[in-house]
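The structure appears below as structure tokens.
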Amino acid sequence: MESYSTLNELFVNMFHEIMDIEEKALITSEFGNISNNDMHIIEAIGVGEPRNMSSVAKTLSVTVGTLTIAINSLVKKGYVNRVRSEEDRRVVLISLSDIGRKAYEHHRRFHEDMIRATLEGLSEEEAKILTGALKNLLKFFQRYQ
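Just so it is clear: in the sequence shown, position 71 is 71 by full-length UniProt numbering, and no numbers are missing.
Spelled out as structure tokens, the structure:
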């Protein structure tokens, strides 16, 4: 089945390319000290109100302990602010610093450009078909979590 072989090759190559290009897009003089993993944590924290560690850990499907190690590094690098909740001192809240927000926006623009390039030249119907196929792929991945 040629389409199976072609799709398999495309998925494998795209996964590696996305990881490599995403990392290269991150490495600028301004954000050269963070990794893809760091950026995904920054993305999970977001630019809204401060979030508690548990909710960010849940978003990333990691333990709070694992997240704590990464947050310690991001705090030292200046990308994340960490404070105790005024209402409950046991709760740690995290938010992005100014440089963290800049990194978030830099990464968001990369994703925006990637989606724009993906949809370029597709009809609305083709875009719907692609979206449906990718939703099926996501469901497949989620079954393994």
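In this text, a Cβ means the ideal position worked out from N, Cα and C, and glycines have one as well.
If you follow the beta strand (DSSP E) that residue i is in, where does it begin and where does it stop?
i   : result
S95 : V92 to L96
N81 : V80 to R84
Could you spell out the range, first to last residue, of the alpha helix (DSSP H) harbouring residue i?
i    : result
L26  : E2 to L26
F31  : No alpha helix (DSSP H) holds F31; DSSP gives it neither H nor E.
E124 : E124 to Q142
S73  : V64 to K77
What number of angstroms, rounded off, separates the C-alpha of residue i from the C-alpha of residue j?
i    : j   : result
L93  : R51 : 5 Å
H107 : S29 : 14 Å
F140 : L67 : 26 Å
F11  : S85 : 43 Å
Per the DSSP calculation, residue i is bridged to which residue(s)?
i   : result
N52 : L93
Taking 8 Å as the cut-off, decide whether the C-beta atoms of residue i and residue j are in contact.
i   : j   : result
I45 : G78 : no
I42 : L96 : yes
V83 : L74 : no
N36 : L26 : yes
V64 : S54 : yes
Here's a check: name, in chain order, each residue in its chain whose Cβ is nearer than 6 Å to the Cβ of residue i, leaving out the five neighbours to either side.
i           : result
residue 148 : Residue 148 is absent from the structure shown; the chain starts at 1 and stops at 145.
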